[in-house]
Structure formats: structure tokens, C-alpha cells
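Residue numbers (full-length UniProt numbering): 1 to 506. Using N, Cα and C, we set each Cβ at its ideal position, and we do this for glycine too. Predicted, not measured: the structure shown is a model, and the values here were computed from it. In what follows, a structure is listed as C-alpha cells, so that the remarks can point back to it.
Structural data, given as C-alpha cells:
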């Protein structure tokens, strides 16, 4: 095990390094959502088929999720700094290739390579934070910054994409990565400190394959469930991924040179933090889908207007993360994490009161939810890093990131399915009889499309009934999210009463 230098307080150099690390993190998180507005332009330019459109958007997230654990282990063996800089160089070159892709297939391939590079960047940045900040209070502040940047990037992606597409061609959404990555490559070798490396430790290729076989089918199955409903093949795919995941965990506990240190799997502090991050992402991402559709389809905002309004609640995120970590130092992480879950539940409660013209109420609910969940993520992130040895920080943070990806996918699938089912029930009884046999009763977009083919009085009735049905679906989904957060808060409080009952307990 690598010996770490005596712990000293972070100075200006470390905080400047954190600012530099925030750049790749911001870009990687934005790349998940930056194509929201670009897909139509890409489709027109590259003549992408419907299947290619889906893969252009989804392949990045699939590859990123599948390789996070592997790349985290690579970072631990080669050193997080080295892997970070290699990943940044690869991300830059591939962004350039994606911007000038001449076909849909070439763009899909470039997005896949971007996912590989992104998988090196996310765990490496968090491992660097673990290396640079040894004192718990300073590390908590650094993790708060990391959390705020990551969540802010996801919200900023659609806005930046919309702005660039209004002024430039679609390739600009990839070229925007280059200046920040160039800065990292220029100053990173000098500013970033050396990181521990477990050189000479054998790399278990079987575990790599098993981690891919566990994560990819699970994430893909959940995403397809969200997109197409709960057909038989999706639970089978998810089940297969979970079975392989269980076998992967068993191998890590028994293998001589595991990919994931078995001590982490037995560490209650670590596993609780991973679970908290997954639940928080479930709530944030699941609600974001409803909020975007509500702004566009219920209130009639344009795509860019909706993205700008949706960005408004994230303004509070910047204050929530550092406030939560500061409170955790005084009150204890257990109390703050539980409080964050209950605050988030309050956000869902506000959303259950929304109507068909409730812009400010929906924004308020989303803001309260974001404050609660980001508080949970900030506290969980600090405790997660505190539970890791520096030479385990790469793979340890990668597991958390993979759980976060799965949590987001589950949020879309579970809350989306609840909302869709409630919409169908409400639309079935609320829509005029003449349109019950159309797509209007399946989804709000279907109802709006059907209304365009109907006489004005009937169309108005269809639109009003469909929007009301969608809001009913929002209420049901928000109630489901509320119940999940309250149950998680209670179970988390009981499960961690020994390890998190004292302020600053480790």
C-alpha cells in the first residue's frame, strides 16, 4: 500500500488545481445532455435513420456507464493524474473527429470513443480530489464544488447546445470541449500533484468483462423500458445484468487480485454513500424528464425556453452543496443526509399540487427537490472519499458513478412508467369519445398530434383533457418519488445509526 505524505492543509495550488479539474468534469456531464437540441440538425445533415438517431444520443452514456469501474481500476494502477491527462487528450481528439464526422456511423463511433474517454475522466477527477485534500473539512468543501459542477453541467448542456445551434452548425457542440481540455493539458502536468499508483498489481480481465456484462444490459434494459414500456425482454435483460452483477461481486470477494477491493463492499459507510448518490440521481433525473415535458407540452414553451426555465432551479445548487457539507461538520452527516432526503420529498410534495398553468409552483418544487438531493450527494460524496484509501479512490469513485448512472436510468423508467400509466387511465375517461381510439390516450404528444387533425372545438377539448391527464401523471409520479425518499430517509437513519450518529464520525 502506498504511503501518503504527512497531511497538511490545502493551499492556493490545490484550490487552483480543483478549478482546473472542474473543467473536464463540467464537459463530461454536459456531454450527456448537450445533444438534446442537436439531433434534428445532425439527422438532416448526416441522413441518420431512426435507429442511428437513438444510438447517436445513447451510445455515449452506455459506454461511459459500462467502463467506469474498469477505468477507475486503471486509474488506481497507473495513477489518476496520468489517466486523467491521457483521457483529456483522447476526449479532445475525438471531439474534433465528432464535429467533422461525415456520416452517422462515424459520429456514433466517435461518441462511443468519447464515452471511453469520459469514463477515464470522471473517476480520475474525484480520485485527484482525494489526493489533494486530506483534511475532512477541506475535502468536504472540495466535494461540494465537484458535486455542484457535475449537476450543473447536466442542466447547462441543453442550454449551451441550444445557444450554439442558434449561432453555429451542429459540430460546434463538440468543438466547445477543446478550449477547456487544452487548458487542462497545458497546466495539468505542472499544477496537479502526483497520485498513488498500484503498479505491478495484476489486472483481472475476467472481472472487466463481467463488469461490462453486468452494467451494460442493466442500463440498456432500463432505458428501453423507459422508452418502450415494460415488454418481457427488458426485465429479462435487466435480470441477466443483475445476475452477472452478483457473480461479479462474488468474484471480487474471493479473487486474489480483484478489480474492486473487497473491503469496500463490506464498508457500510461506503455502500451507504453509493446508495444515497443513486437515490438522489433517481429523483433528480426522473423529475427532470417530467419538468421538460411539462414546460414544453403543457405550458407551450419552445425547446430553448424550456431549457432556460429548467436551468433556473439549479441556481440554488451552488449554495446547497457547500451549505450541506458545512452543516454536516456541525450536525453530523447522518442528520444532514436524512434532512436532505426529507427536503427532496418536500419538493415532490409541492409538485403534487401543480395544475396545467403552474410555472412558478413547478419551478419551486424542482428547486426544493434539487436542493435536497444535491445536499445528499455532497454529504455522500465526502463520506465516500473519506472511506477510501488514496490508492483505491479511482475504482471506489467509479463504482459510485456507475450506481449514479443506473439511478438516473431507473428514475426515468420507474417515474416515467408511473406517470404514463396514470396518463392512460386519466385520458381514457377524460378525452372526448371520438378520439379514444387514437394515440391521444397513450401520450400527451400523441394527443397534441391528434388535435391538429380535428375541428377547433374538439381539438381544444382534446388538448385540455390531455394536458390535465399529463398533470395527473405528474402527481402520481411525484407521489412515488415522495414515498421513495421518505422510506429511504427512514431506512438510512436506522441502518446508519451506529456509524453516523456522531458529528464528524467516521
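- Just measuring C-alpha positions, the residue of 346, 317 and 473 sitting nearest residue 355 is 473.
- If you draw a straight line from the Cα of residue 195 to the Cα of residue 80, it is about 6 Å long.
- Pairing residue 319 with residue 403 gives a Cβ-Cβ distance that is not under 8 Å.
- A check of alpha carbon separations from residue 313 across 328, 288, 476 and 298 identifies 288 as the nearest.
- The alpha-carbon of residue 373 is positioned some 32 Å away from that of residue 82.
- Distance check between residue 245 and each of 66, 464 and 28 places 66 closest, using alpha-carbon atoms only.
- By the C-beta density criterion, residue 190 is exposed, having fewer than 16 other C-beta atoms within 10 angstroms.
- For residue 257, the secondary structure class from DSSP, reduced to helix, strand or coil, is coil.
- In the DSSP assignment, residue 282 falls within the unbroken alpha helix (DSSP H) covering 268-293.
- In this structure, residue 41 lies near residue 170, with their beta-carbon atoms less than 8 Å apart.
- A distance below 6 Å between beta-carbons, with the five flanking residues on each side excluded, links residue 155 to the following residues of its chain, in chain order: 311 and 314.
- Contact annotation: residue 418 and residue 340 have beta-carbon atoms that are not nearer than 8 Å.
- Around the CB of residue 167, fewer than 16 other CB atoms lie within 10 Å, so the residue is classed as exposed.
- In the DSSP assignment, residue 467 falls within the unbroken alpha helix (DSSP H) covering 456-495.
- Here DSSP, grouped into helix, strand and coil, assigns residue 299 to coil.
- Bounds of the alpha helix (DSSP H) holding residue 94 are 80-99.
- DSSP, read as helix, strand or coil, puts residue 49 in coil.
- Across the set 389, 493, 46 and 210, the C-alpha of 389 shows the shortest separation from the C-alpha of residue 134.
- Distance from the CA atom of residue 328 to the CA atom of residue 94, rounded to whole angstroms, is 40 Å.
- In the DSSP assignment, residue 175 falls within the unbroken alpha helix (DSSP H) covering 172-175.
- Here the alpha carbon of residue 365 sits roughly 34 Å from the alpha carbon of residue 124.
- With a 10 Å radius around the Cβ and a threshold of 16 neighbouring Cβ atoms, residue 151 comes out buried.
- Judged by their CB atoms, residue 303 and residue 153 are not nearer to each other than the 8 Å cut-off.
- Pairing residue 144 with residue 323, the inter-Cα distance amounts to about 9 Å.
- The count of Cβ pairs closer than 8 Å, one atom from the region 409-427 and one from the region 456-476, reaches three, so the stretches are in contact.
- Straight across, the Cα-Cα distance linking residue 223 with residue 242 is about 15 Å.
- Setting aside the 5 residues that flank it on each side, residue 16 is surrounded in the same chain by 191, each with a C-beta closer than 8 Å to its C-beta; the list follows chain order.
- Bounds of the alpha helix (DSSP H) holding residue 379 are 359-386.
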